[in-house]
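For the sequence shown, my numbering begins at 93 and goes up steadily by one.
Ideal Cβ positions, reconstructed from N, Cα and C, are used throughout, including at glycine.
Following: one structure in structure tokens, then a few remarks.
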Amino acid sequence: MPVKKSSRLESLLRISLCALLFLIPWQTVWLYSQPIVNGFVWEFGTMKIYLTEIILWFSCVLFLFWFWEKLHLYKKKKKIVFSFTKDRAFTMAVGAFIVYCLISALWAIHPELALQQALWVMAAGIVFFMLYLGPLSWHQASIWFIIGATTQGALGIMQFFTQSVGRTTLMGVGAHHAWEGGAAVLVGESIGRWLRAYGTFPHPNILGGFLCLSLIISILFFSSVKRGKSMWDPLFRYLIVGVQLFALFVTFSKSAWIAFGLWVFSFIAFFLVYYTAKSHKVFAEKAEQFTSFSLFCVCGIVALVLFFQPLVASRFLGSAPHELRSVSERISGYTESLHIFSAAPLTGVGVGNYTVAAMIMSPGAPGWQYQPVHNAILLVFAELGFLGAILALLILCYFLVYFFSRVPKKYPEYTLFFVLLCIPYAVLLLFDHYLFSSYSGLVFGAIYFGLIGQYMEHVIHNLSTSARKRSRK
Numbered sequence: 093m094p095v096k097k098s099s100r101l102e103s104l105l106r107i108s109l110c111a112l113l114f115l116i117p118w119q120t121v122w123l124y125s126q127p128i129v130n131g132f133v134w135e136f137g138t139m140k141i142y143l144t145e146i147i148l149w150f151s152c153v154l155f156l157f158w159f160w161e162k163l164h165l166y167k168k169k170k171k172i173v174f175s176f177t178k179d180r181a182f183t184m185a186v187g188a189f190i191v192y193c194l195i196s197a198l199w200a201i202h203p204e205l206a207l208q209q210a211l212w213v214m215a216a217g218i219v220f221f222m223l224y225l226g227p228l229s230w231h232q233a234s235i236w237f238i239i240g241a242t243t244q245g246a247l248g249i250m251q252f253f254t255q256s257v258g259r260t261t262l263m264g265v266g267a268h269h270a271w272e273g274g275a276a277v278l279v280g281e282s283i284g285r286w287l288r289a290y291g292t293f294p295h296p297n298i299l300g301g302f303l304c305l306s307l308i309i310s311i312l313f314f315s316s317v318k319r320g321k322s323m324w325d326p327l328f329r330y331l332i333v334g335v336q337l338f339a340l341f342v343t344f345s346k347s348a349w350i351a352f353g354l355w356v357f358s359f360i361a362f363f364l365v366y367y368t369a370k371s372h373k374v375f376a377e378k379a380e381q382f383t384s385f386s387l388f389c390v391c392g393i394v395a396l397v398l399f400f401q402p403l404v405a406s407r408f409l410g411s412a413p414h415e416l417r418s419v420s421e422r423i424s425g426y427t428e429s430l431h432i433f434s435a436a437p438l439t440g441v442g443v444g445n446y447t448v449a450a451m452i453m454s455p456g457a458p459g460w461q462y463q464p465v466h467n468a469i470l471l472v473f474a475e476l477g478f479l480g481a482i483l484a485l486l487i488l489c490y491f492l493v494y495f496f497s498r499v500p501k502k503y504p505e506y507t508l509f510f511v512l513l514c515i516p517y518a519v520l521l522l523f524d525h526y527l528f529s530s531y532s533g534l535v536f537g538a539i540y541f542g543l544i545g546q547y548m549e550h551v552i553h554n555l556s557t558s559a560r561k562r563s564r565k
């Protein structure tokens with residue numbers, strides 16, 4: 093009987109996690125408090141509960157029971173001795189950061205907002221551990237994440253060609269049209285107004301960041317899975333990557349373009365170097381597939397830039413008032429973040445309370461104008477101070493140290509391989525705030541690192557197996 097219960101529990105946990113990975117981009121939400129500031133909705137002061145949050149916390153409960161059963165079975169076979177290992181140091185750093193976010197509500201100006209944001213941070217941490225330690229394999233988790241991302245990509249492409257986003261309350265999608273004020277558009281005398289792709293997200297930059305990360309996961313996945321015998325198999329793979337790439341392009345998100353472009357070119361250079369090395373036969377087995385997908389992306393980007401050259405020029409070289417205003421707002425946001433940080437440099441103003449502090453500093457503006465600084469690193473410093481930033485840095489350090497220590501000494505190039513996977517996320521952090529300021533952004537980051545963590549474990553296992561076989565010979 094216990095085996096059957098465990099089996100049912102694991103099956104239910106698998107289904108719940110697959111649903112979460114597929115549905116996480118959808119913004120179905122219950123807004124139970126939506127404050128109005130000077131006649132306009134204060135978006136970052138809104139209290140809300142997402143549908144996927146419910147799935148997430150349900151999965152968390154299942155995971156705790158599942159993990160407890162696994163731990164209990166492990167104790168029967170082997171005695172657990174506590175020691176300060178690298179993985180435990182990382183877990184403790186994550187726990188300390190979550191606790192710090194929670195207690196920051198004690199000194200936050202708006203404690204309810206701080207608690208909401210802290211729970212989102214906790215949810216992100218839990219998602220990472222559920223993916224990294226849970227019953228879903230790398231391949232199973234990646235498939236559902238890629239399906240969800242491709243659905244978003246197809247929706248974004250449709251929005252770009254129809255130049256409208258229809259309101260769907262059930263799916264959490266707001267209405268946007270190219271002719272409406274406030275919509276994210278490209279504007280120019282020769283091109284008129286072009287609506288950027290939103291997907292189901294509140295802004296194209298968020299869709300762009302999501303697709304940037306999902307493309308990387310897709311390329312890793314298709315490069316690690318054996319090709320089927322059908323002639324349609326490679327076409328299907330390139331179609332999925334192509335849909336996401338096209339959708340990423342029509343978001344016209346500069347940060348996402350830079351992040352993905354930097355990753356693609358660095359990966360091509362990386363694989364060309366190690367593919368030619370005779371001592372890296374294990375590595376070379378996958379290099380051809382990685383390189384072919386990367387070159388496909390480069391060719392696709394070049395073709396899209398040439399075809400939509402007027403729109404690209406407007407985005408990067410345009411002098412439209414809204415483009416100039418966007419740059420000006422970003423620069424003034426950096427200055428504002430330094431002022432907010434200086435108000436409480438040690439502890440910060442409280443997680444989720446950046447816009448509250450901005451409102452006190454500069455009252456009288458409409459609610460929509462109060463936004464976090466477009467740099468997640470500066471946002472962490474402003475909201476959590478030096479103490480919170482140090483804890484966040486410890487998480488990063490222990491994460492890298494743990495995986496570096498797991499890589500076999502015969503294959504040091506895989507440490508660089510892992511660092512390259514982290515670079516796109518770092519670029520997105522530098523150019524926008526949503527990876528820390530929003531529920532979706534926090535969970536995206538957790539899913540991304542959970543999946544690449546699983547992938548690295550998969551690769552390390554294969555490398556270790558290969559090394560043992562060679563030593564026997």
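Which residues in the same chain have their Cβ closer than 6 Å to the Cβ of residue i, if we skip the five residues on either side of it in sequence?
i	result
Tyr124	Met139
Leu396	Phe341
Phe314	Arg329
Leu513	Ile544
Ile146	none
Phe265	Residue identity check: residue 265 is Val in the sequence provided, not Phe. So the list reads Thr292, once near-sequence residues are dropped.
Leu225	none
Could you tell me which residues DSSP puts in a beta bridge with residue i?
i	result
Arg285	Val279
Leu225	Its beta-bridge partners do not exist; DSSP assigns none.
Lys140	Leu123
Ile539	In DSSP, Ile539 forms no bridge with anything.
Val153	Its beta-bridge partners do not exist; DSSP assigns none.
Val133	Ile128
Thr260	Val265
Less than 8 Å separating the beta-carbons of residue i and residue j?
i	j	result
Val257	His268	yes
Val511	Ile552	no
Phe363	Thr383	yes
Val465	Ser434	no
Gln546	Ala233	yes
Leu105	Ile539	no
Val448	His231	no
Ala185	Ile423	no
Pro516	Ile308	yes
Phe215	Gly248	Looking at the sequence shown, residue 215 is not Phe but Ala. Not a contact, by the Cβ cut-off of 8 Å.
Val133	Gly533	no
Ser108	Leu154	yes
Thr439	Leu479	yes
Val472	Phe400	no
Trp271	Arg259	no
Could you tell me if residue i is buried or exposed, where buried requires 16 or more neighbouring beta carbons within 10 angstroms of its beta carbon?
i	result
His164	exposed
Gly442	buried
Gly131	exposed
Ala118	This sequence places Trp at residue 118; Ala is not what is there. With 16 or more other Cβ atoms within 10 Å, it is buried.
Trp355	buried
Trp212	buried
Ser103	exposed
Leu262	exposed
His431	exposed
Pro296	buried
Ser306	buried
Gln209	buried
Phe182	buried
Return the chain-ordered list of same chain residues with a C-beta closer than 7 Å to the C-beta of residue i, the five sequence neighbours on each side being excluded.
i	result
Lys178	Tyr490, Val493, Tyr494, Ser497
Leu207	Ala197
Gln126	Val133, Thr138
Thr242	Ile332, Val335, Gln336
Ala457	Asn130
For the ligand SAM, is there a heavy atom less than 7 Å away from the beta-carbon of residue i?
i	result
Val191	This structure simply doesn't include the ligand SAM, nor any ligand for that matter.
Any idea what DSSP makes of residue i, helix, strand or coil?
i	result
Phe293	coil
His550	helix
His268	strand
Thr177	coil
Ser420	helix
Ser347	helix
Phe400	coil
Thr439	coil
Ala519	The amino acid at residue 519 is misidentified as Ala; the sequence shows Val. Helix.
Ser196	helix
Val394	helix
Ser454	coil
Ser103	helix
Asp325	helix
Quick one: what's got a C-beta closer than 8 Å to residue i's C-beta in the same chain, skipping five residues either side?
i	result
Val95	In this prediction, Val95 scores a pLDDT of 43, lower than 50, which makes its location untrustworthy; no coordinate-derived value is stated.
Arg407	Leu278, Phe344, Lys346, Glu415
Ile452	Ile201
Leu223	Leu109, Ala233, Ala538, Ile539, Gly542, Leu543, Gly545, Gln546
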